[in-house]
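Below is one structure, written out as structure tokens; comments come after it.
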Amino acid sequence: MDTINEIGNYINEIPNFPVLHLVHCLATTASIRSQPGSREFAHDHPLASLAGNTMIINAGGILVAAALGKPLMGPFANVMNTLTAVFIWWLVYFGPGDVAFKFYKNKPVQILLMAARETRRCKKILWAVSSAAAVFDGQWIPLVLVGALGGCSGKFLQTTEESVRKQSADISRGEFLQISFVTKASLFISGILSMIKIGVIPLTIAQGLLFCCTMLVSVNLGMALAGLPDPFHPIASATWKVMSLATKEPAKEAASDADDKDMKKDN
0 MDTINEIGNY INEIPNFPVL HLVHCLATTA SIRSQPGSRE FAHDHPLASL AGNTMIINAG
60 GILVAAALGK PLMGPFANVM NTLTAVFIWW LVYFGPGDVA FKFYKNKPVQ ILLMAARETR
120 RCKKILWAVS SAAAVFDGQW IPLVLVGALG GCSGKFLQTT EESVRKQSAD ISRGEFLQIS
180 FVTKASLFIS GILSMIKIGV IPLTIAQGLL FCCTMLVSVN LGMALAGLPD PFHPIASATW
240 KVMSLATKEP AKEAASDADD KDMKKDN
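Taking numbering that gives the first Met the number 0, the leading residue of the sequence shown gets 0, the next gets one more, and so forth.
In structure tokens, the structure reads:
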């Protein structure tokens, strides 16, 4: 148990800058760059591209600050973090020989970066839960929701970035309508860490952080290497079936109403 606590504390004490922040900036920027039309948009509208990219990189800090009533510009106060994000954006979109993007597209590199990025995500969720606990002491719902924002805010702000880049208001593939694995995992991890924080789950923060990091990295490896499906999908489907047992599907209900009207006309 002491060893587990030591490993968990070690993970918790890993500084965000430079390694984890560099990994986050590179993975986020390269992921946006991979989308069709993103590179052309950056060359035609560099300031808009940079603004959207930087917004997504700092999405966790921005939305957590908004939820807790803190200054929204707080995430940009760290000069080195902000300059690093700008430099990585330039390197991925305009760097000589496209070296940075080609480096990211290498499969072994992506796996290593994924492990570091998911570790950072868990630490970010823990930070958000701790920040929320200072405002909503003992109230687990705000802790869970704010903690989840710390891990998945980029997915929500990416919808805005895509709308600007594509010059379209279509959000049919946005995070609100098609919830990704990242958002589901962030809610799950935030729930665990929040329950530990308020004393419902009898674990230390270090043990909870180690469990969450191990789980998230392992699941992502399974999905990336073995093609495993989203593990939360069966749970979500089963939950919705239970919740909707007493109601008809809208299409079936409309068809049933139409049949009733036809019968009345025939009579």
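Cβ coordinates follow ideal geometry from the N, Cα and C atoms, glycine included.
If you're wondering where the values come from, they're calculated on a predicted model, not measured in any experiment.
About 18 Å separates the Cβ atoms of A66 and V181, ruling out a contact at the 8 Å cut-off. Here the segment 88-101 lies against the segment 25-33, with 3 or more beta-carbon pairs under 8 Å apart. Contact between L208 and G7 holds: their C-beta atoms lie close to 5 Å from each other, under 8 Å. The DSSP-derived three-state label of V199 is coil. K196 and A114 do not touch by the CB rule: their CB atoms are close to 25 Å apart, not below 8 Å. Setting aside the 5 residues that flank it on each side, K183 is surrounded in the same chain by D229, F231, A235, each with a C-beta closer than 8 Å to its C-beta; the list follows chain order. Annotation note: the segment 202-240 contains the following uninterrupted alpha helix (DSSP H) runs of length 4 or greater, listed N- to C-terminal: 204-224. Look at the segment 47-72 and you find these whole runs of alpha helix (DSSP H), each 4 residues long or longer: 58-67. Around the Cβ of A29, a 10 Å sphere holds 16 or more other Cβ atoms; the residue is buried. By the C-beta criterion, the segment 3-17 is judged to be in contact with the segment 109-123, since at least 3 inter-stretch pairs fall below 8 Å.
Spanning the alpha carbons of L90 and G96 requires a straight line of approximately 10 Å. Going by C-alpha positions, A76 is about 16 Å away from A50.
Taken atom to atom, the span from the alpha-carbon of S243 to that of L227 is near 28 Å.
Rounded to the nearest whole angstrom, the C-alpha separation of S152 and T2 is 33 Å. Within a 10 Å sphere around the beta-carbon of F40 sit 16 or more other beta-carbons, which makes this residue buried.
Taking 8 Å as the cut-off, the beta carbon of V22 is found no closer than this to the beta carbon of L82. Taken in chain order, the complete alpha helix (DSSP H) segments of 4 or more residues contained in the segment 95-165 are 98-104, 106-132, 139-165. T203 sits close to N4, with the two beta carbons spaced by under 8 Å.
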